[in-house]
Structure formats: structure tokens, C-alpha cells
Amino acid sequence: MLGSVLPFSPELADKVSEYCENHSEALPEALNKHWEWTIRTWMDAEMMSSKLQGQWMIWMSQWIAPKRASVTLTVANLVLEVGTFTGFSALAWYEGTRATKAEIITLDVRGEVLNFTRKMFAELGVDDRIKVIEGPAASTLEQVDGQFDIIFLDADKHNYQLYMNTILERRLLSPHGVVFVDNVFARGLTMGNEFNPYIEKIRRPFWEANGETLRKLNKSFLEDPRIDTLILPLFDGVTQIKWKTGYLEPGADETSKQ
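Heads up: the sequence shown begins at 1 in UniProt numbering, then just goes up one per residue.
In C-alpha cells, the structure reads:
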């Protein structure tokens, strides 16, 4: 077949996910325990990335971060994520950047969750490189400085466009960096409200609204002259974004506006 996505049933999708987890580099035990704790403790644990996505984050950060070091040895590696929740993804970025000792800045607005997250980071001894900033990302993104090699957006979908504009306008993405935008399929409803009959009835309006927002967002990303965009059918849809080749050269941004 020439299609990019296999027609999995929910049962087969679960089996495939399990197979991929078991045949990929295993998560460190601390991440496994934290993932299981979040599932047991938080009613909205579906906000957390899957174990396989954590494995993917570790792999990607091990691959991307050293490339920055090969370009310049004078600037520290940096990771920025918008959306912390209980810290599983931040732990994955931490694990994947042990060699480069990247600083990880993670933003979230939910103080009641971050109280647990900060305590957990301290107990695991990872607060040496993970910095938590509390507050609305629309504001906190204006406060962070530096150029980040990895930026991970996994927060309120209706503000993704605002966050991305701030990232690009403030040049927070390094010249060789990548933005990963999570959940761009909105459980499949980005393709249309008639899809995915398996969503719980009580959750469907939420994901339908996100689907409409993300349809517009994906179109906006594709039409933005500053960036190159690739949407992949990973997890709940992941968009990869980099600077368009040549855009950061002197005068290129003015040319793109004409």
C-alpha cells in the first residue's frame, strides 16, 4: 500500500503501541513510575504524553541537541516546553539531554499541579536543569530569553497560534532548532467532526472545538512564509516546524513580506 497510515481498529492500535514500546529503548524506571503515578492520581491524566511518546522525546532530543553543539560550542543547549502538567515530558527531555546538559524551561498555568511537579523534580534531583515558570504562556513566553533547539507545544490548543507567533517574532527558535506541536489531529476530529466515533460523548464537544481550531492552525502554518512545516501521523498528530531555509539571512524576512 502507498498510504501513510494503516487502518487500525482501536484494539489493534493498542497492540501496535504496546509492540512499539516493547521494541524501543525502554524508559528509565523513574519515568515509568511517574507515568503510572499520574494515571492513578489525576482524573485528567489523558493530558499526559504516552509512554511511547516519552521514548520518542528521549530519542529526538539525543539526536537534535548534539547537532547544535557541532555548529557552535559557545551557546548552551536549550529546551522549551509549553505545557508541563505533572512533568512527564520534561523528565523525558531531561533524560535525552544528559550528554549535552541542556537547560529545560517548562511553562504552565496550573499552580495546583505544579506544586506536585516541583516537589517531584526536587525529589528526583532534576531541578538542576529543569526550570518551571508558572503563569499564562501568553505572558511567560515574553519573559523567557535565549534560542531553543527544541520547543514542544502541548497546551491549550486555541492559543497555539498566539504562542507560535511569539516564538517566531521573538526568535526563540534557534537557527537549527525544531518546534514540535502536539495533538494537531484533535483525536481525529481535525479531519472532520464525523470521524472517530470512539470519543466519549461528554468529551466530544471539547475535541470538536479543538478540531476546528487546529484545522485553521494547520493551514496557517502551511501558509506562513517564515517556516517549513511537516505534519506526521504520530500519536495524536505532531507538526514539526523549522525556519525556512534562508529566512534568517539578512533581509530575508523583509523579502518574504513583499
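We treat Cβ as the ideally placed atom computed from N, Cα and C, and that holds for glycine.
Does the Cβ of T239 have 16 or more other Cβ atoms within 10 Å, making it buried, or fewer, making it exposed?
-> If you number the sequence shown from 1, residue 239 lands on position 239. Buried, since its Cβ has 16 or more Cβ neighbours within 10 Å.
State the Cα-Cα distance for the pair E169 and V109, rounded to the nearest angstrom.
-> For this step, residue 169 is matched to residue 169 along the sequence shown. For this step, residue 109 is matched to residue 109 along the sequence shown. C-alpha separation (whole angstroms): 22 Å.
DSSP on I241, reduced to helix/strand/coil?
-> Position 241 of the sequence shown holds residue 241. Three-state DSSP puts I241 in a strand.
Please name the residue in V132, V79 and L248 whose C-alpha comes closest to that of G96.
-> As a position in the sequence shown, residue 96 is number 96, starting the count at 1. Of V132, V79 and L248, the residue nearest in Cα terms is V79.
Could you spell out where the beta strand (DSSP E) holding P175 opens and where it closes?
-> On the sequence shown, residue 175 is found 175 positions in, with the first residue counted as 1. Looking at the DSSP string, the run of the beta strand (DSSP E) that includes P175 is L173 to D182.
Mind checking K15: buried by the 16 CB within 10 Å criterion, or exposed?
-> Counting from one through the sequence shown, the residue named residue 15 turns up at place 15. Classification for K15: exposed.
Would you say the region 40 to 57 touches the region 15 to 24, given that touching needs at least three Cβ pairs under 8 Å?
-> yes
V179: which of I199, N115, A45 and T166 sits nearest, CA to CA?
-> Working through the sequence shown from its first residue, we reach residue 179 at position 179. Measuring from the Cα of V179, the nearest candidate turns out to be T166.
Please classify W93: is it buried, with 16 or more other beta-carbons within 10 angstroms of its beta-carbon, or exposed?
-> Against the sequence shown, residue 93 aligns to sequence position 93. By the neighbour-count rule (16 or more Cβ atoms within 10 Å), W93 is buried.
Member of S4, F116, F221 and G177 whose CA lies at the smallest distance from the CA of T38 | In the sequence shown, the residue the question calls residue 38 occupies position 38. The shortest Cα separation from T38 among S4, F116, F221 and G177 belongs to F116.
Compute the beta-carbon to beta-carbon distance between E112 and K131, rounded to the nearest angstrom, for a pair I have assumed lies under 8 Å.
-> Counting from one through the sequence shown, the residue named residue 112 turns up at place 112. Counting from one through the sequence shown, the residue named residue 131 turns up at place 131. Their Cβ separation, rounded to whole angstroms, is 19 Å, which puts E112 and K131 out of contact at 8 Å.
Could you spell out the range, first to last residue, of the alpha helix (DSSP H) harbouring V109?
-> Translated into positions along the sequence shown, residue 109 becomes position 109. V109 -> no alpha helix (DSSP H), and no H or E assigned at all.
For G246 and D44, the rounded distance between their alpha carbons = Translated into positions along the sequence shown, residue 44 becomes position 44. Translated into positions along the sequence shown, residue 246 becomes position 246. Their backbone Cα atoms lie some 42 Å apart in a straight line.
Coarse secondary structure for V79, derived from DSSP in three states | Counting from one through the sequence shown, the residue named residue 79 turns up at place 79. Looking at V79 - three-state DSSP - the assignment turns out to be strand.
DSSP puts L153 in a beta bridge; with which residues?
-> Stepping through the sequence shown from its first residue, residue 153 is reached at position 153. V82 and V181.
With DSSP collapsed to three states, give me the class of L217.
-> As a first step, residue 217 is located in the sequence shown; it is residue number 217 there, counting from the start. Looking at L217 - three-state DSSP - the assignment turns out to be helix.
S61 to I150 span [Cα, whole Å] = Residue numbering aside, residue 61 sits at position 61 when the sequence shown is read from its first letter. Residue numbering aside, residue 150 sits at position 150 when the sequence shown is read from its first letter. One C-alpha to the other measures close to 8 Å.
Helix, strand or coil for T166, going by three-state DSSP, please let me know.
-> Looking up residue 166 in the sequence shown gives position 166. Note: T166 maps to helix in three-state DSSP.
Using 8 Å as the Cβ pair cut-off and three pairs as the minimum, do the region 183 to 191 and the region 230 to 244 touch?
-> yes
Taking buried to mean at least 16 other C-beta atoms within 10 Å of its own C-beta, is E249 buried or exposed?
-> Sequence index remark: in the sequence shown, residue 249 carries index 249 (1-based). Burial call: exposed.
Reducing DSSP to helix, strand and coil, say where T74 ends up.
-> Stepping through the sequence shown from its first residue, residue 74 is reached at position 74. Annotation note: pLDDT 40 at T74 (below 50); position unreliable, no value reported.
Nearest-angstrom Cα separation, counted from A122 out to I133 = Against the sequence shown, residue 133 aligns to sequence position 133. Against the sequence shown, residue 122 aligns to sequence position 122. Between I133 and A122, the C-alpha separation is close to 15 Å.
Short Cβ contact (8 Å threshold) for Q147 with G177 = On the sequence shown, position 147 is the one that residue 147 refers to. On the sequence shown, position 177 is the one that residue 177 refers to. Going by C-beta atoms, Q147 is nearer than 8 Å to G177.
Determine, using beta carbons only, whether T84 and M48 come nearer to each other than 8 Å.
-> Translated into the one-based positions of the sequence shown, residue 84 becomes position 84. Translated into the one-based positions of the sequence shown, residue 48 becomes position 48. No, they are not a contact pair.
Just tell me which of R118, I199, F152 and W207 has its CA closest to the CA of S89.
-> For the purposes of this step, residue 89 is taken as the residue at position 89 of the sequence shown. Of the candidates R118, I199, F152 and W207, the one whose C-alpha sits nearest the C-alpha of S89 is F152.
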